[in-house]
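In our numbering, the protein residues as written are 2 to 111.
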């Protein structure tokens, strides 16, 4: 039934490898299951489509995770560094100005 089909789909996804999943491999696998009586012939095309769709979803999820990890670990660009340097310089200048305004003048002056 549906439970067996889902189990077979999962097994196929991991057995063939999500990244190397091709329509031809999926079709061959499902044809073998039909021959073994695990999947009925009428259901085979739907099973193939579901497995391929699931493989694409898994592949896209993996791509997204890899992309996010790369972006998270990517070194800053020269432009990023230059922008940060400017901000640090601006903050240092503001801090210096603030410290001058907060410093009491020579004794007797306020």
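Glycine included, each C-beta is placed from N, C-alpha and C at the ideal position. Since this is a predicted model, take the numbers as computed values, not measurements.
Compute the beta-carbon to beta-carbon distance between residue i and residue j, rounded to the nearest angstrom, for a pair I have assumed lies under 8 Å.
i, j, result
"residue 45", "residue 31", "5 Å"
Would residue i and residue j be called neighbours here (beta carbons separated by less than 8 Å)?
i, j, result
"residue 49", "residue 27", "yes"
Figure out for me which residue from the options has the closest Cα to the Cα of residue i.
i, options, result
"residue 24", "56, 37 and 100", "56"
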